[in-house]
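Undergrad:
Okay, here's the thing in structure tokens:
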């Protein structure tokens with residue numbers, strides 16, 4: 319059998335522990351599939367005294383520089399997270415002639431151009447299957463399995479925390495805050511869930527997918543995002559009544575030479591495959607011009623699922639595939655596809671609009687008039703009689719529109735918000751058909 | 319840019335036409351992703367006078383030997399189908415030093431050992447992503463993306479024709495023969511649908527998946543298979559009443575050192591992701607010891623989806639990945655994993671049993687007694703009052719069992735079939751929970 323492949327693990331937390339577990343508990347399996355043994359030479363951690371059940375003590379140190387410099391090491395696996403020290407570790411590793419494997423979505427979304435340029439300069443590769451959708455091999459799918467296709471659309475449930483919360487709200491009618499508390503109790507949400515529920519985490523992942531599928535570099539802070547924080551259970555009920563459910567989707571699609579993209583809660587028909595994705599699972603649906611619709615679903619987080627993708631990248635390096643793929647992909651490099659980002663105002667969509675209005679005659683007429691003045695036509699309306707839960711004389715009015723330009727729809731909503739008898743703000747979501 | 323990769327296409331039918339369409343309509347896209355141009359040098363067909371809109375006339379000939387021998391050709395793409403001449407084409411191509419890409423599941427399921435031994439001997443690779451589940455990259459998923467895992471279970475909807483029929487029956491309550499006629503009218507079923515509806519097509523694909531996931535070579539005629547031909551709409555209704563639907567599944571799972579496998583109609587809970595797979599789609603759910611449950615869904619047939627997978631294999635060869643993967647995989651080679659096939663009699667499962675019995679007292683007691691005598695316990699029972707549609711005095715009796723050994727359950731059914739008052743045969747299906 320060939321020479322072993324030696325790796326340094328930087329980071330001994332959840333995912334690092336999972337990677338160590340797979341590599342150390344199943345060395346024959348890994349060696350068979352990699353065509354050579356894979357050895358963990360060093361594990362660098364912040365606190366060497368913390369107990370780590372899957373990592374042998376003699377591998378552990380705090381010396382990052384030594385782990386990168388070690389001439390026996392071929393691959394540095396960056397699992398520390400963050401975009402400061404992690405970036406330096408990745409750049410130093412490439413400069414030292416090591417291949418890099420990382421699960422760090424924020425790092426790639428924010429510093430992809432610099433990192434991939436360094437990799438090309440030093441003729442080393444960067445594996446990042448684990449950076450998007452945990453155990454789901456969506457990077458390989460886009461870069462290799464679907465390489466004969468032009469991808470025309472991507473829709474992803476890329477944040478398990480948000481999907482857990484939305485599933486609990488839809489299934490059991492609980493409020494957003496109760497569902498969040500439950501997610502925190504079960505370990506699906508962090509004490510500060512902001513980046514999960516405000517769409518930022520999904521936006522990082524979407525930036526990476528868009529780079530691979532369309533060759534477009536989108537600064538992550540330019541991705542429009544709407545989260546699920548404070549989503550009203552009433553809107554899930556209305557969506558249900560109309561045959562839809564609400565999912566937090568990261569979406570990008572091609573229209574001519576432009577790529578539209580956003581992260582937002584979106585109404586999906588309940589028969590849609592993505593609508594069936596429950597709990598903390600992730601899923602990505604891709605449309606390719608040859609393959610048609612194709613969907614991938616699996617665990618988007620967790621020690622072993624994420625480690626499964628990290629280990630796949632390590633095996634690809636051992637086999638020698640990763641180096642060739644990386645050369646062929648030209649990621650975050652100037653590109654001839656010529657696609658560019660479409661401003662969100664110009665995106666056409668159907669919309670769900672819910673406004674609270676005073677329970678008096680003429681309100682529907684007033685709201686409908688504003689929409690009509692913007693050239694937006696109405697597909698369906700729900701207005702129930704007032705019930706106890708709506709305090710005072712206020713009732714919800716729900717409107718589903720036909721296709722309309724986002725810019726026009728948003729100006730209509732701001733006019734509706736200022737109508738007499740409307741309690742602002744109106745809440746609205748895109749609708750995917 | 320590097321030297322072009324030249325290919326001979328053997329077969330200019332549906333899939334061959336799709337491959338030609340992708341390669342000839344998008345040469346820059348393919349060259350960018352392959353790192354070099356991909357040229358179709360020759361297309362070999364049976365009838366050179368048949369119009370083929372996507373294939374230029376000057377490429378077409380009937381000369382297989384020349385297409386294989388051509389010293390400029392690097393890859394022979396076998397898309398003729400069948401296991402006679404196709405086998406010779408593949409073996410001759412390997413002997414002539416060409417790589418092979420094929421979509422031919424029957425060929426690999428029946429002659430895998432011989433073909434892969436020849437490939438190793440001649441140091442050439444065989445790509446076969448398109449042989450299972452059309453456009454779904456399940457071969458790459460098992461061989462590369464999930465290489466860090468031991469796969470513990472596979473469940474696939476691998477025959478689109480059967481799934482189309484079952485979906486029509488479940489959604490609209492039509493009979494098997496009406497659903498089949500509809501599938502034929504829409505082009506989802508062939509004039510002779512036998513191999514699709516009797517489970518043989520799915521069994522071929524399962525043999526390939528089992529080889530990759532477990533390293534077990536199972537002669538395809540030893541895979542127990544039950545098809546959907548003649549499935550009674552009444553059983554779908556009863557399944558629905560119990561919270562299940564019926565899908566034709568190709569399943570394999572690990573139990574200790576043994577692999578159990580079969581193709582059969584199976585009851586799935588309606589909330590199960592595979593239960594949601596509708597129409598002619600294919601889907602594969604895989605369980606890995608690290609990744610957990612992961613599912614892939616997409617088009618399992620059709621010119622362009624299948625061609626998408628063929629082209630992915632061609633690009634993998636152009637990039638140089640396929641050669642390395644193939645060396646690492648050691649397919650259909652003697653293997654150290656040591657798994658072996660478990661005889662179906664020993665497989666434990668829950669069962670759905672429906673028997674027609676005379677509408678008289680004591681029938682349930684008699685049937686329940688036979689099951690109890692075999693140590694099989696009953697989870698639930700449906701027995702409705704007789705309605706018009708049941709002629710004479712015969713009513714259906716439906717029983718869901720707890721887990722039982724298949725052998726014991728089958729002997730119980732044969733005893734039940736001979737009970738006085740039972741109209742044989744009792745119909746039974748496995749139940750997946």
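Residue numbers (the working numbering), protein chains in the order written: chain A, 319 to 751; chain B, 319 to 751. Just so it is clear, CB atoms sit at the ideal spot from N, CA and C, and this is done for glycine as well.
1. Cβ of residue 684 of chain A within 9 angstroms of Cβ of residue 712 of chain A?
2. How many Å lie between residue 462 of chain B and residue 490 of chain B at the Cα?
3. Less than 8 angstroms between the CB atoms is what I'm expecting for residue 626 of chain B and residue 570 of chain A, so what's the real figure, rounded?
4. What residue does the beta strand (DSSP E) around residue 735 of chain A start on, and which one ends it?
5. Do residue 482 of chain B and residue 617 of chain B come within 9 angstroms of each other at the CB atom, strictly closer than that value?
6. Which runs of the alpha helix (DSSP H), 4 residues or longer, sit entirely within the segment 484 to 550 of chain A?
7. Under a Cβ-count criterion, where at least 16 other Cβ atoms within 10 Å of its own Cβ denotes burial, should residue 371 of chain A be classed as buried or exposed?
8. With DSSP as the reference, identify every bridge partner of residue 604 of chain A, one or two as the case may be.
9. Report the three-state DSSP secondary structure of residue 481 of chain B (helix, strand or coil).
10. With a cut-off of 8 angstroms, do at least 3 Cβ pairs link the segment 360 to 375 of chain B to the segment 728 to 736 of chain A?
11. Spatial neighbours of residue 351 of chain A within its chain, please: C-beta separation below 6 angstroms, excluding the five flanking residues on both sides.
12. Tell me, please, whether the CB atom of residue 632 of chain A is closer than 9 angstroms to any CB atom in chain B?
13. Mind checking the segment 451 to 465 of chain A against chain B and listing, in chain order, the residues whose C-beta falls within less than 8 angstroms of any C-beta there?
14. Quick check on residue 635 of chain B - is its C-beta less than 9 angstroms from some C-beta in chain A?
15. Closer than 7 angstroms by C-beta to residue 421 of chain B: which residues in its own chain qualify, once you throw out the five before and the five after it? Chain order, please.
16. For the segment 575 to 595 of chain A, enumerate the residues whose C-beta is nearer than 7 angstroms to any C-beta of chain B, in chain order.
17. Please confirm whether residue 451 of chain B and residue 425 of chain B have their CB atoms less than 9 angstroms apart.
18. Use the C-beta contact count for residue 381 of chain B: other C-beta atoms within 10 angstroms, 16 or more gives buried, fewer gives exposed.
19. Let me know the alpha helix (DSSP H) ranges lying completely inside the segment 639 to 705 of chain B, each 4 residues or longer, listed in chain order.
20. Quick one: what's got a C-beta closer than 7 angstroms to residue 573 of chain A's C-beta in the same chain, skipping five residues either side?
21. Is there a C-beta anywhere in chain A that falls below 9 angstroms from the one on residue 350 of chain B?
22. Excluding the five sequence neighbours on either side, which residues of its own chain have a C-beta within less than 6 angstroms of the C-beta of residue 442 of chain B, listed in chain order?
23. Since residue 515 of chain A contacts residue 478 of chain A with CB under 8 angstroms, what's their CB separation in whole angstroms?
24. Residue 569 of chain B by DSSP, collapsed to three states: which one?
25. Could you give the residue range of the alpha helix (DSSP H) that holds residue 347 of chain B?
26. For residue 395 of chain B and residue 720 of chain A, what's the separation of their Cα atoms in angstroms?
27. Where does residue 748 of chain A sit, in a helix, a strand or coil, going by DSSP?
28. Which of the residues in the segment 599 to 616 of chain A, read from start to end, lie with their CB under 7 angstroms from any CB of chain B?
29. Residue 637 of chain B lies in the alpha helix (DSSP H); which residues open and close that run?
30. So, using beta-carbon positions, are residue 746 of chain B and residue 614 of chain A closer together than 9 angstroms?
31. Is there contact here, the segment 667 to 676 of chain A with the segment 735 to 744 of chain A, by at least three beta-carbon pairs under 8 angstroms?
32. Would you list the residues sitting across from residue 322 of chain A in a DSSP beta bridge?
33. Who does residue 583 of chain B pair with in a DSSP beta bridge?
34. Roughly how many angstroms separate the alpha carbons of residue 458 of chain B and residue 400 of chain B, rounded to a whole number?
35. Just grab the DSSP bridge partners of residue 578 of chain B for me.
TA: A quick look at the data gives this:
1. no
2. 40 angstroms
3. The pair is not a contact, with the Cβ atoms about 20 angstroms apart (cut-off 8 angstroms).
4. Taken as a continuous stretch (DSSP letters only), residue 735 of chain A belongs to no beta strand (DSSP E), being part of the alpha helix (DSSP H) at 724 to 735.
5. no
6. Runs of the alpha helix (DSSP H) inside the segment 484 to 550 of chain A: 494 to 503, 512 to 515, 518 to 532.
7. Burial state of residue 371 of chain A is exposed, judged by a 10 Å Cβ sphere holding fewer than 16 other Cβ atoms.
8. Bridge partners of residue 604 of chain A: A/472, A/612.
9. helix
10. Counting Cβ pairs under 8 angstroms, fewer than three are found: no touch.
11. 633, listed in sequence order.
12. yes
13. 453, 454, 455, 458, 459, 462, 463, 464, 465
14. Output row for residue 635 of chain B: interface = no.
15. Exclusion of the five residues before and after residue 421 of chain B leaves 333, 397, 448, 449, 624, 628 as the residues of its chain whose Cβ lies within less than 7 angstroms of its Cβ.
16. Residues 591, 594.
17. no
18. exposed
19. DSSP runs (the alpha helix (DSSP H)) wholly in the segment 639 to 705 of chain B: 639 to 647, 681 to 691.
20. 660
21. yes
22. 412, 417
23. Between the beta-carbon of residue 515 of chain A and that of residue 478 of chain A there is about 11 angstroms, and that puts the pair past the 8 angstroms contact cut.
24. Residue state, collapsed to three classes: strand.
25. 345 to 352
26. 47 angstroms
27. DSSP places residue 748 of chain A in strand when its eight states are reduced to three.
28. 606, 608, 609, 610, 611, 612, 613, 614, 615, 616
29. 621 to 637
30. A distance of 9 angstroms or more separates the beta carbons of residue 746 of chain B and residue 614 of chain A.
31. yes
32. BP columns for residue 322 of chain A are empty, so no partner.
33. B/566
34. 24 angstroms
35. B/571
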